[in-house]
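Following the numbering used here, the numbering of the sequence shown begins with 2 at its first residue and continues without gaps.
Beta carbons: idealized from backbone N, C-alpha and C, even for Gly.
As structure tokens, the structure follows; a few thoughts come after it.
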Amino acid sequence: MTPENQNADHLFGGLNVKYELDVPLAPFTWYGLGGPAKVMVHPSNKSDLSAVIKRCWQDQWPVYVLGSGANLLVADSGVDGVVIQLDDPEFKQVEFNPSHMTAGAGVDLPQLVLQTARAGLEGIECLSGIPATVGGAVRMNAGGVFGDIGKSIHQVQVMDDRGMVSWRHHDNLKFNYRKTNISELFILAAQFTLTPQDPQSVKARIKEIFQFKKKSQPLAANSCGCAFKNPLKVPADVPKSAGMLIDRAGLKGHQIGGAKVSDQHANFVIANDGASTSDVLALLEHIGEVVYKQFGIRLEREIVVWP
Ligand SMILES: Cc1cc2nc3c(=O)[nH]c(=O)nc-3n(C[C@H](O)[C@H](O)[C@H](O)COP(=O)(O)OP(=O)(O)OC[C@H]3O[C@@H](n4cnc5c(N)ncnc54)[C@H](O)[C@@H]3O)c2cc1C
């Protein structure tokens, strides 16, 4: 909850920061669902961001970081706090050198994958077809069967909740299945270690991975990709993937309101016309209960839910 008797004018008084009030968040997410952000800020640079963060910290306003909204489900009631998106060109810079590439948090990941191939560098083809910004992909350690972003990260620039900027070197970074040990509020940029390679062969690999994804997943539907993580420990006689568990539980095609378990990939919960966030949440809960009842396995959500 935002502090009582405080409005955004008070929060940002004296700062040269542009903000908007009651901004609908649905258009910023792949689900296209959810209510408004009480305050939304698109900082122009790191020093503006730092000033905003310091104020939010001092006045105890909750801060939410928005990437491309490909893994976000926003509550129907919206978000009672400050939503910050790093989409200014300042946060979208990319720099190549012979064995490294540095990309700002706001860079579009699918475009970066192609740009890297054109530059004759290999190492992030496994991210082909994953909608994300660099910041969101690092936060989630995005990836799949072909690898994840963490494996090619050399260092990450972060900003903490007091607005302090630092670099975290790969020696003290841990990337696990869809998570990292980065506790700072913002990822500002990431530096990747890459290997020189013939651009045509990198492009061919990207295409191959994209085709694989396209064949098995409903990429055009409104969703957040996989709704649940694959369970880490399962008995030998039980399917290993969340999708298989949901499928075997007979839930493909199951619908609550406008939310539906995809017929193509059971771990995709899609939002059809008229769906609300409550529909998606109710379906996620139902899936969790049915899978637990049938297999004794508690599925963990991969989707991030705000608030
Ligand atoms: C069709 C489809 C297919 C998908 N396939 C895959 C897949 O194969 N593999 C996979 O891993 N994921 C997949 N996803 C999920 C999604 O693409 C990833 O989770 C991605 O990393 C989300 O990035 P984003 O920028 O959209 O982050 P958002 O969804 O905006 O945010 C996700 C989380 O990251 C945080 N965050 C965002 N930016 C920053 C930042 N700069 N600093 C700190 N925190 C930040 C947010 O606060 C939030 O907690 C898929 C999603 C869709 C819609």
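> How is K55 classed by DSSP in three states: helix, strand or coil?
Replying inline: helix
> Quick one: Cα of F176 to Cα of N182, how far?
Replying inline: 7 Å
> Measuring CB to CB, does H155 end up less than 7 Å from Q86?
Replying inline: no
> So which of L252, N273, P232 has the shortest CA-CA distance to R302?
Replying inline: P232
>> Relative to the C-alpha of N173, which candidate in G164, D161, R179, V157 has its C-alpha closest?
In response: V157
> Closer than 6 Å: is that where the CB of V18 sits relative to any heavy atom of ligand 1?
Replying inline: no
> Taking the alpha-carbon positions, what's the W58 to V83 distance?
Replying inline: 11 Å
> Do the segment 50–65 and the segment 93–110 touch if we need at least three Cβ pairs shorter than 8 Å?
Replying inline: no
> Of the choices V166, I288, S48, whose alpha-carbon is the least far from that of N17?
Replying inline: S48
> With respect to the beta strand (DSSP E) encompassing A133, which residues constitute its N-terminal and C-terminal limits?
Replying inline: Careful: A133 lies outside any beta strand (DSSP E) and carries neither H nor E.
> What do you reckon, is the C-beta of W62 under 6 Å from a heavy atom of ligand 1?
Replying inline: no
> How big is the Cα-Cα spacing for V239 and M141?
Replying inline: 26 Å
>> With a threshold of 8 Å, are at least 3 pairs of Cβ atoms found where one atom belongs to the segment 116–125 and the other to the segment 209–219?
In response: no
>> For K208 and Q201, what's the separation of their Cα atoms in angstroms?
In response: 11 Å
>> On the criterion of 16 or more Cβ atoms from any shown chain inside 10 Å, does D199 qualify as buried, or is it exposed?
In response: exposed
>> Between which two residues does the beta strand (DSSP E) holding P28 run?
In response: Looking at the DSSP string, P28 is not in any beta strand (DSSP E), and its letter there is neither H nor E.
> Since G164 contacts S51 with CB under 8 Å, what's their CB separation in whole angstroms?
Replying inline: 3 Å
> Can M245 be considered in contact with ligand 1, in the sense that its beta carbon sits closer than 6 Å to one or more heavy atoms?
Replying inline: no
>> Considering only heavy atoms of ligand 1, does any lie closer than 6 Å to the CB of A106?
In response: yes
>> Assuming the contact rule is C-beta atoms closer than 8 Å, D88 and K39 should be a hit. Round their C-beta distance to whole Å, please.
In response: Between K39 and D88 the Cβ distance is about 19 Å, and since that is not below 8 Å, they are no contact.
>> When you measure from the CB of I131 to every non-hydrogen atom of ligand 1, does any distance come out below 6 Å?
In response: yes
>> On the criterion of 16 or more Cβ atoms from any shown chain inside 10 Å, does A133 qualify as buried, or is it exposed?
In response: buried
>> Using C-beta distances below 6 Å, list every residue in its chain close to F248, excluding the 5 sequence neighbours before and after it, in chain order.
In response: One point to set straight first is that residue 248 is Asp, not Phe, in the sequence displayed. Cβ neighbours of D248 beyond the five flanking positions: A267.
> Taking L195 as the reference, which of V159, C227, V114 has the closest Cα?
Replying inline: V114
>> Using only the alpha-carbon positions, how far apart do V159 and V166 sit?
In response: 6 Å
>> Would A106 and I188 qualify as a contact pair, given that the criterion is a beta-carbon distance under 7 Å?
In response: yes
> Closest to N223 by CA distance: which of S277, H170, G36, G244 is it?
Replying inline: S277
> Can you tell which of L73, I150, M102, D109 has the C-alpha that lies nearest to the C-alpha of P90?
Replying inline: D109
> Since G79 contacts P37 with CB under 8 Å, what's their CB separation in whole angstroms?
Replying inline: 4 Å
> Assuming A250 contacts D280 under a Cβ cut-off of 8 Å, what Cβ separation, rounded to an integer in Å, is found between them?
Replying inline: With 8 Å as the limit, A250 and D280 do not qualify as a contact, their Cβ atoms being about 19 Å apart.
>> So for Y293, helix, strand or coil by DSSP?
In response: helix
> Residues bridged to E185 by DSSP?
Replying inline: Paired residues: none, contrary to the question.
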